[in-house]
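There are 2 protein chains.
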Amino acid sequence: MRCYIGLDIGGSKIMGGLYDLSDHLVASVKKRTKANEGVETVLEQICKVIDQLMEIENISLQGIGVGVPGIVKSNGMVAFSPNIPFSNYPLRDYLMERYQVDVKIENDVNCLIIASVKTANRGVKNAIGLFVGTGVGGGIYINSALYTGNGSAAEFGHMVVNYDGASCGCGNSGCLEAYSSKTAIQAYLRQQIKRGRDTILKASVLDDTIIKSSELKHAYDEGDVLVQEAIQRSAKYLGVASASLIHAFHPEVIIYGGGIVDSFGVPFIESIKQKALHHVLPGLVETVRFESSGLGKEESSFGPYQLVKTTTKACI
Amino acid sequence: MRCYIGLDIGGSKIMGGLYDLSDHLVASVKKRTKANEGVETVLEQICKVIDQLMEIENISLQGIGVGVPGIVKSNGMVAFSPNIPFSNYPLRDYLMERYQVDVKIENDVNCLIIASVKTANRGVKNAIGLFVGTGVGGGIYINSALYTGNGSAAEFGHMVVNYDGASCGCGNSGCLEAYSSKTAIQAYLRQQIKRGRDTILKASVLDDTIIKSSELKHAYDEGDVLVQEAIQRSAKYLGVASASLIHAFHPEVIIYGGGIVDSFGVPFIESIKQKALHHVLPGLVETVRFESSGLGKEESSFGPYQLVKTTTKACI
Numbered sequence: 052m053r054c055y056i057g058l059d060i061g062g063s064k065i066m067g068g069l070y071d072l073s074d075h076l077v078a079s080v081k082k083r084t085k086a087n088e089g090v091e092t093v094l095e096q097i098c099k100v101i102d103q104l105m106e107i108e109n110i111s112l113q114g115i116g117v118g119v120p121g122i123v124k125s126n127g128m129v130a131f132s133p134n135i136p137f138s139n140y141p142l143r144d145y146l147m148e149r150y151q152v153d154v155k156i157e158n159d160v161n162c163l164i165i166a167s168v169k170t171a172n173r174g175v176k177n178a179i180g181l182f183v184g185t186g187v188g189g190g191i192y193i194n195s196a197l198y199t200g201n202g203s204a205a206e207f208g209h210m211v212v213n214y215d216g217a218s219c220g221c222g223n224s225g226c227l228e229a230y231s232s233k234t235a236i237q238a239y240l241r242q243q244i245k246r247g248r249d250t251i252l253k254a255s256v257l258d259d260t261i262i263k264s265s266e267l268k269h270a271y272d273e274g275d276v277l278v279q280e281a282i283q284r285s286a287k288y289l290g291v292a293s294a295s296l297i298h299a300f301h302p303e304v305i306i307y308g309g310g311i312v313d314s315f316g317v318p319f320i321e322s323i324k325q326k327a328l329h330h331v332l333p334g335l336v337e338t339v340r341f342e343s344s345g346l347g348k349e350e351s352s353f354g355p356y357q358l359v360k361t362t363t364k365a366c367i
Numbered sequence: 052m053r054c055y056i057g058l059d060i061g062g063s064k065i066m067g068g069l070y071d072l073s074d075h076l077v078a079s080v081k082k083r084t085k086a087n088e089g090v091e092t093v094l095e096q097i098c099k100v101i102d103q104l105m106e107i108e109n110i111s112l113q114g115i116g117v118g119v120p121g122i123v124k125s126n127g128m129v130a131f132s133p134n135i136p137f138s139n140y141p142l143r144d145y146l147m148e149r150y151q152v153d154v155k156i157e158n159d160v161n162c163l164i165i166a167s168v169k170t171a172n173r174g175v176k177n178a179i180g181l182f183v184g185t186g187v188g189g190g191i192y193i194n195s196a197l198y199t200g201n202g203s204a205a206e207f208g209h210m211v212v213n214y215d216g217a218s219c220g221c222g223n224s225g226c227l228e229a230y231s232s233k234t235a236i237q238a239y240l241r242q243q244i245k246r247g248r249d250t251i252l253k254a255s256v257l258d259d260t261i262i263k264s265s266e267l268k269h270a271y272d273e274g275d276v277l278v279q280e281a282i283q284r285s286a287k288y289l290g291v292a293s294a295s296l297i298h299a300f301h302p303e304v305i306i307y308g309g310g311i312v313d314s315f316g317v318p319f320i321e322s323i324k325q326k327a328l329h330h331v332l333p334g335l336v337e338t339v340r341f342e343s344s345g346l347g348k349e350e351s352s353f354g355p356y357q358l359v360k361t362t363t364k365a366c367i
């Protein structure tokens, strides 16, 4: 049976999936990344996942697709990853040499847009992804393929939506990420608490760690006015940015994903859409769909699998 | 001799050029559009230009490329043009039937980005165009071809750079065009004159017609403080928008053109660049070039020519 392996390498765990040519998940393996133990250990963990998947009988491996949370160069080098000890590491060549198959490697958010387009069989040629979690990431799918420009396209979180506005972690101000990310939502809540306002999430908000999307959702549903305000503020600027993305790319669909979108669901996307509609030129918006990524956590190897499947021809 | 014809249909004149396969301009013809005399007359003028170009001896016409200032559908219909009486007119089919050659038709700003990339032999795969005149238009060149998305991509003038900011002609606020276009420059000068400030261009600014770029340049060079301020404001927001475009597309080059850029030249592009550099994530900007379109007025048929040349194979 001809198969591909998809690998999602995260800061804490590595998810591997073995897929047949009809997108069916044949087997999956999950291991800890052990990022704090250094490159050699991480590589060992990666290979353990692959080796275990290859124990399935009668498979003929066609290629391996890898998603990494970091900057990946077109030559397959992982230039930098904030949570994994790769620094200019030739991960693609290492895996190609070891397994003697084609290996494709990409930034994990770029894998998300491929997964989003393929999961729901959206039947589109041009799609934009906006992924709202701790930060705001993006993905571009043009002419039925991933588009990365000169390597780092789709950094939508750092599009300027409000010149001289809120401060962003990047050092500038007015970026989308400074309004709509979970980090920005938490910063806004903190600021408002300092000004004397209250929320049932006060302790979690003031905590040093990043707040959970599910906690925000719970407070929102409980009628917490401040949390509702922060979430609506996030949606508002995602709407403004979506309008800019429609003017720039005029895609068939904008796909929304990430922790905040997954937690707040369809009504959140509807708020984004209403704001965007208000800002888009007549004639452009009628044909654009606003959809949820529909990705579950169990499928994080699906994007890397699609990455390699769509760019590597299976042998006959 | 195998040739292509490029046609730039403007609100006041039609420019036609006959090119050989080596991009050499063999002949050119210019006629009035006579837009106010109706569709039939405009078609007659278009055909007169073509017919006259085809009088050259021993040519074998391979195709006709047409640029139109309006909305062009993928089926070759001119849906709407503000200055020419085309309304859902099948211009492509009309010319194909009449001349029995392949005809490609596109929005004129989309032709500009093709022309800009080809004129200077920039040797790039991915480029973004920003054209600053009465409005702000854009063009996208991806994987060595024009990208129009679902038909209307690259409306960069209506990307939101400053939420709740200056009013735009489109009915929204904070659009790039509301800061950087010639219309916006004139509106800003008017507003400041109302507030009691002065400029040597007072009469021209208050005139009902749109001010000339050359007049603005003259006043700028004369040291007119208000005009200098308005131009720097235009450059500032073009810089902010350029940063967003780099984050979105990560192109190899951003190409600047249009009346304002042509008049103010390299120092204007340098101001844009400096502002953009300030807003772009480190690691992204080093590889991006900021260049002038380098298009002269005599070459307006060059983009339409390249449009048809790059998509239609010449017969052997």
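Here the protein sequences come in this chain order: X and R.
Here the first sequence is numbered in my numbering, starting from 52 and rising by one per residue.
Here the second sequence is numbered in my numbering, starting from 52 and rising by one per residue.
Quick reminder that beta carbons are idealized off the backbone N, C-alpha and C, glycines included.
Nothing here was measured: the structure is a model prediction, and the numbers come from that model.
{"Check": "Stretch-stretch touch, CB-based, cutoff 8 Å, three pairs: the stretch 164-176 of chain X with the stretch 88-104 of chain X", "Outcome": "no"}
{"Check": "Minimum C-alpha distance to X:F341 - residue among X:I122, X:Q283, X:L289, X:K64", "Outcome": "X:L289"}
{"Check": "Reduced DSSP category for X:N177 - H, G, I as helix; E, B as strand; rest coil", "Outcome": "coil"}
{"Check": "Among X:G208, X:L72, X:C219, X:G61, the one whose alpha carbon lies nearest that of X:N158", "Outcome": "X:G61"}
{"Check": "Touch test, the stretch 242-259 of chain X against the stretch 296-305 of chain X, Cβ-Cβ under 8 Å, three pairs minimum", "Outcome": "no"}
{"Check": "Beta-carbon neighbours of X:F207, restricted to chain R and to distances below 8 Å", "Outcome": "H298, A299"}
{"Check": "Within chain X, the residues that R:Y307 reaches when beta carbons sit closer than 7 Å", "Outcome": "Those do not exist, as R:Y307 stays about 17 Å from chain X at its closest Cβ, beyond 7 Å."}
{"Check": "CB of R:I305 within 8 Å of CB of R:V339, strictly", "Outcome": "yes"}
{"Check": "Within chain X, partners of R:E368 - CB distance below 7 Å", "Outcome": "Lying outside 52 to 367, the shown extent of chain R, residue 368 of chain R is not represented and no answer is given."}
{"Check": "Interfacial residues, the stretch 139-163 of chain X to chain R, with Cβ spacing under 7 Å", "Outcome": "none"}
{"Check": "Proximal chain X residues relative to R:E303, where beta-carbon distance stays under 9 Å", "Outcome": "G200, N201"}
{"Check": "X:M210 at chain R interface by Cβ criterion, 8 Å", "Outcome": "yes"}
{"Check": "Nearest-angstrom Cα separation, counted from X:I282 out to X:Q236", "Outcome": "Per the sequence shown, residue 236 of chain X should be read as Ile rather than Gln. Rounded to the nearest angstrom, the two C-alpha atoms are 7 Å apart."}
{"Check": "Cross-chain neighbours of X:Y214 in chain R, by beta carbon under 8 Å", "Outcome": "V212, N213, G216, Y288, V291"}
{"Check": "Pick from R:V80, R:G190, R:N213, R:L72 that is closest to R:M52, judged by C-alpha positions", "Outcome": "R:L72"}
{"Check": "6 Å CB neighbourhood of X:A205 in its chain, flanking five on each side removed", "Outcome": "G189, G190, I191"}
{"Check": "Pick from R:N126, R:D144, R:G118 that is closest to R:S132, judged by C-alpha positions", "Outcome": "R:G118"}
{"Check": "Contact under 8 Å by Cβ, X:G308 with X:S285", "Outcome": "no"}
{"Check": "Contact with chain X by R:N126, beta-carbon distance below 8 Å", "Outcome": "no"}
{"Check": "Length at least 3, wholly inside the stretch 217-262 of chain R: the beta strand (DSSP E) runs in chain order", "Outcome": "none"}
{"Check": "C-beta neighbour in chain X for R:A204, strict 8 Å", "Outcome": "yes"}
{"Check": "Chain R within 8 Å of X:A294, Cβ atoms only", "Outcome": "yes"}
{"Check": "R:N161 versus R:S322, R:D102, R:P120, residue with shortest Cα-Cα distance", "Outcome": "R:P120"}
{"Check": "Whole-Å CB distance - X:L94 paired with X:C54, under 8 Å assumed", "Outcome": "22 Å between Cβ atoms; not a contact."}
{"Check": "Through-space distance from R:Q96 to R:V154, alpha-carbon basis", "Outcome": "17 Å"}
{"Check": "X:T199 versus R:N194: straight-line alpha-carbon distance, rounded", "Outcome": "11 Å"}
{"Check": "R:G334: contacting residues in chain X (beta-carbon distance under 8 Å)", "Outcome": "I122, S203"}
{"Check": "Close-in-space but distant-in-sequence residues of the same chain around X:S264 (CB under 6 Å, 5 per side omitted)", "Outcome": "G310, I311, S314"}
{"Check": "For R:V304: DSSP bridge partner residues", "Outcome": "R:A178, R:R340"}
{"Check": "Contact set between X:T338 and chain R, taken where Cβ atoms lie within less than 7 Å", "Outcome": "N201"}
{"Check": "Which residues DSSP lists as bridging R:L49, in chain order", "Outcome": "The question about residue 49 of chain R has no answer, for chain R in this structure spans 52 to 367."}
{"Check": "For R:V278 and X:G274, the rounded distance between their alpha carbons", "Outcome": "52 Å"}
{"Check": "Contact under 8 Å by Cβ, X:G186 with X:T234", "Outcome": "yes"}
{"Check": "Any chain X beta carbon closer than 8 Å to R:N109", "Outcome": "no"}
{"Check": "Rounded separation between R:L181 and R:Q151 - CA only", "Outcome": "35 Å"}
{"Check": "Classification of X:T84 by the beta-carbon crowding that lies within 10 angstroms, buried from 16 upward", "Outcome": "buried"}
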